[in-house]
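Every number in this note's numbering is 159 more than the matching position in the sequence shown, counting from 1.
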Amino acid sequence: MGTHTLYDVLGVSEEASAEEIKKVFKLLAKKFHPDVTILDKDSAEGVFKEIAGAYAVLSNPTLTVD
């Protein structure tokens, strides 16, 4: 099985712009936020935390992603 990166979590390429990363995060956040999803709340919460964490790192220009 391959390496699972923060880019994979959001489903964007490593060359994605900051605007593209933000746009994808907003779409995923709307889909998986536990308060608004039609999916299982516990599963959605786990996914939401994962995408929020990935976005927090990828949207921070002072951090580097290896």
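By construction, the Cβ of each residue, glycine as well, lies at the ideal position given by its N, Cα and C atoms. Please read these numbers as outputs of a predicted model, since none were measured by experiment.
*asked:* Counting C-beta neighbours from all protein chains within 10 Å, is the total for LEU186 16 or more, i.e. buried, or is it exposed?
replied: Classification for LEU186: exposed.
*For ILE210, does the count of other Cβ atoms within 10 angstroms reach 16, so buried, or fall short, so exposed?*
It is buried - the Cβ of ILE210 has at least 16 other Cβ atoms within 10 Å.
*Does DSSP classify LEU198 as helix, strand or coil?*
LEU198: coil per DSSP, three-state reduction.
*Run through the stretch 176-220 for me and flag every whole alpha helix (DSSP H) of 4 or more residues, listed as ranges in chain order.*
The DSSP assignment places 177-191 and 200-217 as complete runs of the alpha helix (DSSP H) inside the stretch 176-220, in order along the chain (cut-off: 4 residues).
_Between the stretch 173-192 and the stretch 200-210, can you find at least three pairs of beta-carbon atoms closer than 8 Å?_
They touch, by the three-pair rule.
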